[in-house]
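**Student:**
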Amino acid sequence: MFSAVLVASLFAPAADLNEAARKELKALEGDWVLVSTAANGIERDLSEDERIAVTVTGTKFTFGKLGDGEITALDPSTSPKIVDFKMLRKPESGVTNEAIFKVEKDALTVVVYLGEGSRRPANFDAATEKESQTAKFVLKRVKK
C-alpha cells in the first residue's frame, strides 16, 4: 500500500495545472525505480527483487503491478513542494492522498500521509517518526 501511495502522488490532469506545475510534471516523466522506504520509524533499502518500477508519461503513471493513479493537485511554488493524488484501483480509488516531494538530480523523494482525513506531512523526516501515519519513498531515475 505504501508503494502504491507514493507513485500516485506524482501526476494530475494537465488541464487543471498551471504552467509551473506542468513544467514540474515534465521533469518527472520517464522511468523510475523504488529503492528505499520508511514508515513507522523504520527505514529500509529495497533489494533488487523488491524494487518496483514506476513509469510516468504525461499526467499518468503506472506503479508496477500496484496500478495507476492521477494527481489532483500539484504546487511546486511551496517549500516543500506539495502534491495530492488518487489511486485508480480499489480499495484506494477516490481517496485523496496528501504528500510533499522533492527532486534532487536523479532521485525523487515523496512523503505521503496515510491516515484518516487530511494532514499533509510537514517535512521529509516525518516517516521516521513512530506512529506518524506517513511513508517515505525514494526513487531513482532509470538511466537508458
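Quick note on numbering: our numbering labels position 35 of the sequence shown as 35, and the sequence is numbered without any gaps.
Cβ coordinates follow ideal geometry from the N, Cα and C atoms, glycine included.
1) Where does G64 fall in DSSP's three states?
2) So what does D45 bridge to, in DSSP terms?
3) Please report the straight-line C-alpha distance between R141 and T55, rounded to a whole angstrom.
4) Quick check: the Cα distance between L114 and A27, rounded to an integer number of angstroms?
5) Can you tell me the Cβ-Cβ gap for D45 and S36, rounded? I've got them flagged as a contact below 8 Å.
6) Please classify K102: does DSSP put it in a helix, a strand, or coil?
7) With the cut-off set at 8 Å, would you say A53 and A135 are in Cβ contact?
8) Express the C-alpha separation of N40 and A21 in angstroms, rounding to a whole number.
9) Where do the ends of the beta strand (DSSP E) carrying A21 lie?
**Tutor:** In this structure, then:
1) Three-state DSSP puts G64 in a helix.
2) In DSSP, D45 forms a bridge with S36.
3) Answer to the nearest angstrom: the Cα atoms are 10 Å apart.
4) 25 Å
5) Yes, D45 and S36 are in contact; Cβ-Cβ is about 5 Å, under 8 Å.
6) Three-state result, K102: strand.
7) no
8) 30 Å
9) Taken as a continuous stretch (DSSP letters only), A21 belongs to no beta strand (DSSP E), being part of the alpha helix (DSSP H) at E19 to L28.
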